[in-house]
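Engineer: Below are the C-alpha coordinates for one structure; questions will follow.
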Amino acid sequence: MSYLLAFAGFSALVMLHELGHFWAAKKVGMRVERFSLFFPPHIWKKTRGETEYCIGVIPLGGYVRIMGMNPNEEIAPELQARSYSRMAVNKRIFVIAAGPLMNVLVAFLILFGLFLVVGLSSPSSTIDQTEAGSPAAAALRPGDKLISVDGKRGDVPALGAAISKHRCAGTPTDGCLATTPVRVVIQRGGETKTLLLTPRYDATAKKTRLGFSFAIAHDQLGPFDSASRSASEMWRISGATMSALSRLVY
(Lines of atoms letter the chains of each structure in order from A and count residues from 1; the text may use other names and numbers.)
(Lines give C-alpha, C1' and ligand atoms only; values in the text may rest on other atoms or scores of the structure.)
Protein backbone atom coordinates (compact mmCIF):
# COMPACT_ATOMS: atom_id res chain seq x y z
CA MET A 1 0.00 0.00 0.00
CA SER A 2 2.83 2.41 0.85
CA TYR A 3 4.34 1.88 -2.63
CA LEU A 4 1.00 2.62 -4.26
CA LEU A 5 0.63 5.81 -2.23
CA ALA A 6 4.17 6.88 -3.13
CA PHE A 7 3.46 6.18 -6.80
CA ALA A 8 0.19 8.12 -6.65
CA GLY A 9 1.96 11.04 -4.96
CA PHE A 10 4.74 11.04 -7.55
CA SER A 11 2.19 10.93 -10.38
CA ALA A 12 0.31 13.86 -8.87
CA LEU A 13 3.51 15.91 -8.54
CA VAL A 14 4.45 15.21 -12.15
CA MET A 15 0.99 16.08 -13.43
CA LEU A 16 0.83 19.31 -11.44
CA HIS A 17 4.34 20.30 -12.53
CA GLU A 18 3.57 19.74 -16.20
CA LEU A 19 0.16 21.35 -15.75
CA GLY A 20 2.00 24.51 -14.69
CA HIS A 21 3.98 24.55 -17.95
CA PHE A 22 0.82 23.70 -19.91
CA TRP A 23 -1.28 26.47 -18.36
CA ALA A 24 1.44 29.10 -18.76
CA ALA A 25 2.05 28.18 -22.40
CA LYS A 26 -1.66 28.43 -23.17
CA LYS A 27 -1.87 31.70 -21.25
CA VAL A 28 0.78 33.43 -23.36
CA GLY A 29 -0.57 32.01 -26.63
CA MET A 30 1.92 29.25 -27.39
CA ARG A 31 0.73 26.19 -29.30
CA VAL A 32 0.82 23.14 -27.01
CA GLU A 33 0.92 20.01 -29.13
CA ARG A 34 1.05 17.33 -26.44
CA PHE A 35 0.48 16.90 -22.71
CA SER A 36 1.77 13.52 -21.50
CA LEU A 37 1.69 11.88 -18.09
CA PHE A 38 4.62 9.41 -18.10
CA PHE A 39 6.77 8.55 -21.11
CA PRO A 40 6.00 6.58 -24.31
CA PRO A 41 4.90 4.14 -25.52
CA HIS A 42 1.47 5.56 -24.85
CA ILE A 43 -1.45 3.41 -23.74
CA TRP A 44 -4.04 6.18 -24.07
CA LYS A 45 -4.37 9.20 -26.35
CA LYS A 46 -7.06 11.77 -26.93
CA THR A 47 -6.89 14.91 -29.06
CA ARG A 48 -8.87 17.87 -27.91
CA GLY A 49 -8.54 21.09 -29.85
CA GLU A 50 -4.92 21.44 -30.93
CA THR A 51 -3.49 19.40 -28.03
CA GLU A 52 -3.01 15.63 -27.77
CA TYR A 53 -3.39 14.27 -24.23
CA CYS A 54 -1.53 11.02 -23.47
CA ILE A 55 -0.71 8.51 -20.74
CA GLY A 56 2.54 6.56 -21.14
CA VAL A 57 3.72 3.26 -19.67
CA ILE A 58 7.08 4.42 -18.29
CA PRO A 59 6.34 6.16 -14.95
CA LEU A 60 9.48 8.28 -14.78
CA GLY A 61 7.95 11.70 -15.30
CA GLY A 62 5.96 13.49 -17.96
CA TYR A 63 6.27 16.29 -20.46
CA VAL A 64 4.56 19.08 -22.36
CA ARG A 65 5.53 19.46 -26.00
CA ILE A 66 5.31 23.08 -27.08
CA MET A 67 5.74 24.01 -30.71
CA GLY A 68 9.10 25.64 -31.34
CA MET A 69 11.05 24.25 -28.38
CA ASN A 70 13.01 22.07 -30.80
CA PRO A 71 15.22 24.46 -32.79
CA ASN A 72 15.26 22.04 -35.76
CA GLU A 73 11.48 21.78 -35.92
CA GLU A 74 9.82 22.86 -39.15
CA ILE A 75 6.89 25.17 -38.46
CA ALA A 76 4.23 26.29 -40.88
CA PRO A 77 4.49 30.03 -41.59
CA GLU A 78 0.98 30.74 -40.28
CA LEU A 79 1.87 29.15 -36.90
CA GLN A 80 5.33 30.62 -36.36
CA ALA A 81 4.02 33.54 -34.30
CA ARG A 82 2.78 31.02 -31.69
CA SER A 83 6.02 29.03 -31.45
CA TYR A 84 8.13 29.01 -28.29
CA SER A 85 11.20 30.32 -30.09
CA ARG A 86 9.34 33.38 -31.44
CA MET A 87 7.89 34.45 -28.11
CA ALA A 88 9.40 37.26 -26.00
CA VAL A 89 12.02 36.23 -23.43
CA ASN A 90 9.81 37.14 -20.47
CA LYS A 91 7.06 34.84 -21.79
CA ARG A 92 9.50 31.95 -22.22
CA ILE A 93 10.80 32.46 -18.69
CA PHE A 94 7.21 32.49 -17.42
CA VAL A 95 6.48 29.15 -19.11
CA ILE A 96 9.67 27.49 -17.81
CA ALA A 97 9.18 28.77 -14.26
CA ALA A 98 5.49 27.85 -14.09
CA GLY A 99 6.22 24.15 -13.48
CA PRO A 100 8.22 24.47 -10.26
CA LEU A 101 6.06 27.39 -9.15
CA MET A 102 3.00 25.14 -9.43
CA ASN A 103 4.67 22.61 -7.11
CA VAL A 104 5.49 25.38 -4.63
CA LEU A 105 1.91 26.65 -4.74
CA VAL A 106 0.45 23.18 -4.20
CA ALA A 107 2.81 22.52 -1.28
CA PHE A 108 1.78 25.84 0.28
CA LEU A 109 -1.93 25.07 -0.16
CA ILE A 110 -1.54 21.62 1.41
CA LEU A 111 0.26 23.05 4.44
CA PHE A 112 -2.23 25.90 4.67
CA GLY A 113 -5.15 23.46 4.67
CA LEU A 114 -3.54 21.28 7.33
CA PHE A 115 -2.80 24.20 9.64
CA LEU A 116 -6.25 25.70 9.10
CA VAL A 117 -8.18 22.44 9.69
CA VAL A 118 -5.95 20.51 12.11
CA GLY A 119 -4.24 23.42 13.84
CA LEU A 120 -0.83 23.35 15.48
CA SER A 121 0.27 20.79 18.06
CA SER A 122 3.23 21.48 20.32
CA PRO A 123 4.44 20.48 23.80
CA SER A 124 3.02 22.70 26.53
CA SER A 125 4.50 23.52 29.93
CA THR A 126 1.82 21.40 31.63
CA ILE A 127 2.81 18.03 33.12
CA ASP A 128 1.02 15.17 31.38
CA GLN A 129 2.27 12.17 33.36
CA THR A 130 5.15 10.95 35.51
CA GLU A 131 7.06 7.69 35.29
CA ALA A 132 6.63 5.22 38.15
CA GLY A 133 9.63 5.21 40.48
CA SER A 134 11.14 8.35 38.93
CA PRO A 135 12.28 11.41 40.92
CA ALA A 136 9.23 13.28 39.60
CA ALA A 137 6.69 10.62 40.61
CA ALA A 138 6.49 11.60 44.29
CA ALA A 139 6.45 15.37 43.75
CA LEU A 140 4.80 16.25 40.45
CA ARG A 141 1.21 15.62 39.40
CA PRO A 142 -0.53 15.63 36.04
CA GLY A 143 -1.84 19.14 35.43
CA ASP A 144 1.01 20.92 37.21
CA LYS A 145 2.37 23.80 35.15
CA LEU A 146 6.16 24.06 35.03
CA ILE A 147 7.17 27.70 35.54
CA SER A 148 10.96 27.55 35.70
CA VAL A 149 13.96 25.26 36.19
CA ASP A 150 16.84 26.65 38.26
CA GLY A 151 15.36 30.09 37.74
CA LYS A 152 15.31 29.75 33.96
CA ARG A 153 12.13 30.09 31.90
CA GLY A 154 11.70 29.09 28.31
CA ASP A 155 10.27 26.54 25.93
CA VAL A 156 10.19 22.81 26.57
CA PRO A 157 13.63 22.03 25.03
CA ALA A 158 15.26 24.78 27.11
CA LEU A 159 13.71 23.48 30.33
CA GLY A 160 14.79 19.93 29.51
CA ALA A 161 18.34 21.13 28.81
CA ALA A 162 18.45 22.89 32.20
CA ILE A 163 17.53 19.63 33.95
CA SER A 164 20.14 17.58 32.09
CA LYS A 165 22.92 19.99 33.17
CA HIS A 166 22.82 18.29 36.59
CA ARG A 167 25.14 15.30 36.29
CA CYS A 168 26.33 12.31 38.26
CA ALA A 169 29.78 12.21 39.83
CA GLY A 170 32.39 10.62 37.59
CA THR A 171 31.35 8.40 34.69
CA PRO A 172 27.55 8.19 34.67
CA THR A 173 25.87 4.80 35.00
CA ASP A 174 22.23 3.96 34.45
CA GLY A 175 20.17 5.07 37.46
CA CYS A 176 22.85 7.17 39.17
CA LEU A 177 21.66 10.38 40.84
CA ALA A 178 22.99 13.83 40.00
CA THR A 179 25.23 15.48 42.57
CA THR A 180 23.00 18.55 42.76
CA PRO A 181 19.21 18.93 42.89
CA VAL A 182 17.09 20.85 40.39
CA ARG A 183 15.08 23.79 41.68
CA VAL A 184 11.70 23.40 40.01
CA VAL A 185 8.95 26.02 40.30
CA ILE A 186 5.45 24.82 39.44
CA GLN A 187 1.93 26.17 39.58
CA ARG A 188 -0.72 23.87 41.04
CA GLY A 189 -4.31 24.93 41.52
CA GLY A 190 -3.46 28.63 41.52
CA GLU A 191 -0.64 28.13 44.03
CA THR A 192 3.07 28.42 43.22
CA LYS A 193 5.36 25.77 44.69
CA THR A 194 9.14 25.40 44.70
CA LEU A 195 10.51 21.84 44.68
CA LEU A 196 14.00 20.41 44.91
CA LEU A 197 14.30 17.24 42.83
CA THR A 198 17.41 15.22 42.06
CA PRO A 199 17.60 13.99 38.45
CA ARG A 200 18.47 10.39 37.63
CA TYR A 201 20.70 9.33 34.74
CA ASP A 202 18.97 7.49 31.91
CA ALA A 203 21.45 5.44 29.89
CA THR A 204 19.02 5.12 26.98
CA ALA A 205 18.49 8.88 26.72
CA LYS A 206 22.14 9.51 27.68
CA LYS A 207 21.24 12.31 30.07
CA THR A 208 19.80 12.96 33.52
CA ARG A 209 16.02 13.19 33.73
CA LEU A 210 13.30 13.76 36.31
CA GLY A 211 10.91 11.33 34.64
CA PHE A 212 7.90 13.27 33.41
CA SER A 213 6.38 14.23 30.08
CA PHE A 214 4.65 17.37 28.90
CA ALA A 215 1.08 17.50 27.63
CA ILE A 216 0.49 18.39 23.99
CA ALA A 217 -1.26 21.69 23.34
CA HIS A 218 -3.53 22.02 20.30
CA ASP A 219 -3.93 25.55 18.93
CA GLN A 220 -6.50 26.37 16.27
CA LEU A 221 -5.07 28.76 13.68
CA GLY A 222 -6.92 31.35 11.62
CA PRO A 223 -6.30 32.00 7.92
CA PHE A 224 -3.55 34.60 8.47
CA ASP A 225 -1.63 32.50 11.02
CA SER A 226 -2.05 29.39 8.85
CA ALA A 227 -0.59 31.23 5.86
CA SER A 228 2.30 32.61 7.90
CA ARG A 229 3.07 29.21 9.44
CA SER A 230 2.88 27.53 6.00
CA ALA A 231 5.38 30.00 4.53
CA SER A 232 7.73 29.54 7.51
CA GLU A 233 7.52 25.76 7.28
CA MET A 234 8.23 25.80 3.55
CA TRP A 235 11.26 28.03 4.15
CA ARG A 236 12.50 25.69 6.89
CA ILE A 237 12.08 22.58 4.75
CA SER A 238 13.75 24.24 1.76
CA GLY A 239 16.69 25.31 3.92
CA ALA A 240 17.06 21.81 5.39
CA THR A 241 16.94 20.29 1.90
CA MET A 242 19.60 22.65 0.54
CA SER A 243 21.76 22.02 3.60
CA ALA A 244 21.52 18.25 3.11
CA LEU A 245 22.38 18.57 -0.59
CA SER A 246 25.37 20.81 0.17
CA ARG A 247 26.74 18.20 2.58
CA LEU A 248 26.58 15.62 -0.20
CA VAL A 249 28.71 17.87 -2.40
CA TYR A 250 31.19 19.17 0.16
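Take our numbering: the final residue in the sequence shown is number 1696, and no numbers are missing along the way. Glycine residues also receive a C-beta, built at the ideal position from the N, C-alpha and C atoms. All values reported here derive from a predicted model rather than from experimental measurement.
#1: State the CB to CB distance for the pair H1612 and P1581, rounded to an integer number of angstroms; the pair is presumed to be in contact (CB under 8 Å).
#2: Run through the stretch 1592-1655 for me and flag every whole beta strand (DSSP E) of 3 or more residues, listed as ranges in chain order.
#3: With distances taken between CB atoms, is the gap from N1518 to H1463 smaller than 8 Å?
#4: For V1564, write down the residues that DSSP places opposite it in a beta bridge.
#5: Cα separation between V1478 and A1454?
#6: Please go through the same chain and pick out, in chain order, the residues whose beta-carbon is closer than 7 Å to the beta-carbon of G1475, but skip the five residues on each side of it.
#7: Would you kindly report the start and end of the unbroken alpha helix (DSSP H) that includes G1589?
#8: Please report the residue range of the alpha helix (DSSP H) in which Y1449 lies.
#9: Beta strand (DSSP E) containing I1662: first to last residue?
#10: For T1654, count neighbouring Cβ atoms within 10 angstroms of its own Cβ and tell me buried if that reaches 16, exposed if not.
#11: Can you look up R1477 in the DSSP assignment and give me helix, strand or coil?
#12: Could you give the distance in angstroms between the alpha-carbon of A1522 and the alpha-carbon of L1450?
#13: Using a threshold of 8 Å, state whether the C-beta atoms of F1485 and G1466 are closer than that.
#14: Distance, Cα to Cα, M1688 vs V1631?
#15: Would you decide whether T1576 is buried or exposed? Buried here means 16 or more other CB atoms lie within 10 Å of its CB.
#16: Taking DSSP's pairing of strands, which residues face V1541 in a bridge?
#17: Along the chain, where does the beta strand (DSSP E) containing R1511 start, and where does it finish?
#18: Please state the DSSP three-state secondary structure of S1689.
#19: Helix, strand or coil, according to DSSP, for I1521 in the structure here?
#20: According to DSSP, is P1669 part of a helix, a strand, or is it coil?
Structural biologist: On the basis of the supplied data:
#1: The sequence position of residue 1612 within the sequence shown is 166, counting from 1. The sequence position of residue 1581 within the sequence shown is 135, counting from 1. Not confirmed; about 11 Å, so no contact.
#2: 1628-1634, 1637-1643, 1646-1648 and 1653-1655
#3: Here residue 1518 is taken as the residue at index 72 of the sequence shown, counted from 1. Here residue 1463 is taken as the residue at index 17 of the sequence shown, counted from 1. Going by C-beta atoms, N1518 is not nearer than 8 Å to H1463.
#4: Translated into the one-based positions of the sequence shown, residue 1564 becomes position 118. Beta-bridge pairing links V1564 to no other residue.
#5: Indexing the sequence shown from 1 puts residue 1478 at position 32. Indexing the sequence shown from 1 puts residue 1454 at position 8. Computed Cα separation, rounded: 25 Å.
#6: Your numbering for residue 1475 matches position 29 in the sequence shown. Taken in chain order, the residues that qualify are R1528.
#7: Stepping through the sequence shown from its first residue, residue 1589 is reached at position 143. Element bounds for G1589: n/a, residue is neither H nor E.
#8: In the sequence shown, the residue the question calls residue 1449 occupies position 3. Counting along the chain, the alpha helix (DSSP H) containing Y1449 begins and ends at S1448 to V1474.
#9: Counting from 1 along the sequence shown, the entry for residue 1662 is found at position 216. I1662 -> beta strand (DSSP E) spans F1658 to D1665.
#10: On the sequence shown, position 208 is the one that residue 1654 refers to. With 16 or more Cβ atoms within 10 Å of its Cβ, T1654 is classed as buried.
#11: For the purposes of this step, residue 1477 is identified with residue 31 of the sequence shown, where counting begins at 1. Coil.
#12: Position 76 of the sequence shown, counted from the start, is the residue given in the question as residue 1522. Position 4 of the sequence shown, counted from the start, is the residue given in the question as residue 1450. In a straight line, the C-alpha of A1522 is about 44 Å away from that of L1450.
#13: In the sequence shown, counting from the first residue as 1, residue 1485 sits at position 39. In the sequence shown, counting from the first residue as 1, residue 1466 sits at position 20. Against a cut-off of 8 Å, the Cβ pair of G1466 and F1485 comes out as no contact.
#14: Numbered from 1 along the sequence shown, position 242 holds the residue referred to as residue 1688. Numbered from 1 along the sequence shown, position 185 holds the residue referred to as residue 1631. Their backbone Cα atoms lie some 41 Å apart in a straight line.
#15: As a first step, residue 1576 is located in the sequence shown; it is residue number 130 there, counting from the start. So T1576 ends up on the buried side.
#16: Taking the first residue of the sequence shown as 1, we reach residue 1541 at position 95. V1541 pairs with nothing; no bridge assigned.
#17: Taking the sequence shown and counting its residues from 1, the one referred to as residue 1511 is at position 65. It spans T1497 to I1512 - the beta strand (DSSP E) in which R1511 sits, taken as one unbroken run.
#18: Residue 1689 sits at position 243 when you count from the first residue of the sequence shown. Three-state DSSP puts S1689 in a helix.
#19: Counting from 1 along the sequence shown, the entry for residue 1521 is found at position 75. I1521: coil per DSSP, three-state reduction.
#20: Along the sequence shown, read from residue 1 onward, the residue named residue 1669 stands at position 223. Three-state result, P1669: helix.
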